[in-house]
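Below is one structure, written out as structure tokens; comments come after it.
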Ligand SMILES: Cc1cc2nc3c(=O)[nH]c(=O)nc-3n(C[C@H](O)[C@H](O)[C@H](O)COP(=O)(O)O)c2cc1C
Ligand code: SF4
């Protein structure tokens with residue numbers, strides 16, 4: 006396979022523009038300037054100071070009991086001083102031990118509440134120190150149960166709680182009959198979400214994000230077409246978990262905003278073919294693929310009819326801030342997290358990574374067109390590298406999203422937002438090149454971080470272990 010043309014080969018904005026136009030992808034890049042990032046946005050009677058958002062990014066680095074550690078504090082501090090005025094979710098916080106994705110995931114509970122509240126206060130102070138005020142700075146906490154991807158007691162030992170049996174994912178993750186969460190268990194999980202939201206409000210978060218994305222439990226329930234009982238089957242039943250949860254949160258809190266991170270469309274799982282390239286799992290050609298929420302029945306395209314109905318329903322519960330994402334890092338990583346270099350358990354991209362970025366932008370733009378009343382945070386921009394600000398400003402100018410969210414880029418380049426807002430030239434040595442080590446490290450049981458570009462992580466012993474792992478992998482190829 007010919008390697009895809011790299012961003013670093015496109016030496017100017019004109020070259021990037023010409024390449025994008027000749028590709029035929031829907032990737033806006035016509036903005037004359039970057040002022041669109043500076044415009045504040047009125048939201049729920051207040052103001053969010055600019056159009057940058059930091060996406061939720063966990064670090065696999067909390068204390069074993071779920072309290073934030075010094076590494077967590079460092080990451081949150083960098084988010085707070087990035088220049089973005091919206092910290093969309095900070096990172097995925099488990100609502101209960103059994104639903105932790107790893108043994109070092111943040112866990113919001115009575116025994117962690119104090120330290121989380123202190124970290125949050127430190128973030129507001131750090132933001133105000135650097136930017137003069139935190140009055141227009143909004144912070145949310147992402148709440149989640151990891152469902153199929155839970156590893157609460159051992160990072161290498163799955164203890165899945167699944168919503169239903171997926172014929173392809175069950176094989177990949179070796180799920181069996183005992184892994185199905187019963188209706189009573191789902192009711193208990195809803196109670197934990199409600200308690201977590203109550204604690205998040207007490208800790209001082211402006212909003213909680215109820216994660217319906219990336220194949221975790223709440224997302225999986227949206228596609229529980231074959232689950233019998235109150236939590237599966239019809240659209241109404243598949244959204245019952247969400248409705249019960251929102252009702253409970255509204256009664257248990259006073260001013261806390263609810264928001265949603267949603268995989269707008271899901272896709273069939275991809276696997277490595279003999280050349281190492283991602284390819285869709287085998288599925289009978291004459292049978293529609295019914296398991297992708299927001300999918301078009303082929304497993305490879307999208308149809309936003311149900312996601313739009315879901316978000317209109319969410320609107321009735323006061324949800325108006327949406328973080329748009331796609332698919333899952335566990336079974337279609339090229340769609341969820343476009344990259345030039347595969348992570349350790351991934352595959353070579355089956356399409357140009359910028360095509361994957363364009364898909365994120367197109368789906369969010371379609372949602373914005375269908376539901377203009379929603380405030381939409383876009384994701385998946387990091388792969389644009391030098392041209393992230395240009396594309397982001399073009400998307401904002403075209404009204405295709407309200408905030409440009411960044412994930413990996415803020416790990417390698419913690420003040421990119423401030424640089425763009427101040428009109429400073431980009432620090433090219435800090436630009437994320439999608440090398441994937443922030444994902445590969447936790448997949449091997451180590452804390453996450455930008456090992457190639459952040460001097461702090463470069464110095465840590467894990468950096469050496471990662472290099473050795475890479476060498477080993479090259480030898481066995
Ligand atoms: C190290 C790492 C941790 C992540 N943690 C979370 C998380 O806690 N919650 C979540 O919804 N997404 C998480 N994501 C996904 C990002 O929020 C984002 O959607 C993804 O990286 C694509 O955006 P980007 O291209 O700007 O990186 C994580 C991604 C990475 C690389
Ligand atoms: S390790 Fe650093 S350069 Fe690599 S993808 Fe993560 S943030 Fe980007």
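Numbering (our numbering), first residue to last: 6 to 482.
Glycine included, each C-beta is placed from N, C-alpha and C at the ideal position.
Source: prediction; values computed, not measured.
*Would you mind stating whether residue 254 and residue 199 have Cβ atoms separated by less than 8 angstroms?*
yes
*First and last residue of the beta strand (DSSP E) that includes residue 213?*
212 to 217
*By Cβ distance below 7 angstroms, which residues in the same chain neighbour residue 54 in space, the five residues on each side in sequence not counted?*
45, 90, 141, 142
*asked:* Considering only the alpha carbon of each residue, which of 368, 173, 85 lies closest to residue 130?
replied: 85
*For residue 251, which option in 203, 279, 228, 408 has the closest C-alpha, if you only look at C-alpha atoms?*
203
*asked:* Check this for me: beta carbons of residue 187 and residue 178, under 8 angstroms apart or not?
replied: no
_Using CA atoms only, rank isn't needed, just tell me which of 415, 469, 468 is closest to residue 58._
415
_Let me check you understand the geometry: is the CB of residue 343 closer than 7 angstroms to at least one non-hydrogen atom of ligand 1?_
yes
*What is the rounded straight-line gap between the Cα of residue 41 and the Cα of residue 26?*
22 angstroms
*Is residue 284 buried or exposed, if buried means 16 or more other CB atoms sit within 10 Å of its CB?*
exposed
*Who's in the neighbourhood of ligand 2, going by beta-carbon under 6 angstroms from any heavy atom, listed in chain order?*
413, 416, 417, 437, 438, 439, 440, 441, 442, 443, 455, 456, 457, 458
*Secondary structure of residue 2, DSSP reduced to three states*: An answer regarding residue 2 cannot be provided, because it is not within the stretch 6 to 482 covered by the chain.
_Own chain, CB closer than 8 angstroms to residue 406, minus 5 neighbours either side, in chain order_ = 329, 366, 369, 370, 373, 381, 382, 383, 400
*Return the chain-ordered list of same chain residues with a C-beta closer than 7 angstroms to the C-beta of residue 443, the five sequence neighbours on each side being excluded.*
413, 416, 453, 454, 455
*Looking only at its own chain, which residues have a Cβ that is under 8 angstroms from the Cβ of residue 237, when we skip the five neighbours before and after it?*
168, 169, 226, 229, 230, 231, 243
*Determine the burial state of residue 128: buried for a count of at least 16 other Cβ atoms within 10 Å of its Cβ, exposed for fewer.*
buried
*asked:* Quick check: residue 439 and residue 352, are their CB atoms within less than 8 angstroms of each other?
replied: no
_Length-filtered (4 minimum) alpha helix (DSSP H) runs lying within the stretch 104 to 182_ = 118 to 136, 174 to 178
*Quick one: Cα of residue 282 to Cα of residue 33, how far?*
28 angstroms
*Please state whether DSSP places residue 312 in a helix, a strand or coil.*
helix
*Look up residue 288 in the DSSP assignment and give the residues it is bridged to.*
Answer is none; residue 288 lacks a bridge partner.
*May I have the straight-line CA-CA distance separating residue 348 from residue 174, to the nearest angstrom?*
19 angstroms
*Start and end residues, beta strand (DSSP E) containing residue 328*: 326 to 330
*What is the DSSP secondary structure of residue 57, reduced to helix, strand or coil?*
strand
_ligand 1 heavy atom lying under 7 angstroms from the CB of residue 147_ = yes
*Where residue 357 falls: helix, strand or coil (DSSP)*: coil
_Quick check on residue 264: does DSSP put it in helix, strand or coil?_
strand
*Spatial neighbours of residue 318 within its chain, please: CB distance less than 7 angstroms, with the 5 preceding and 5 following residues excluded, ordered by chain position.*
244
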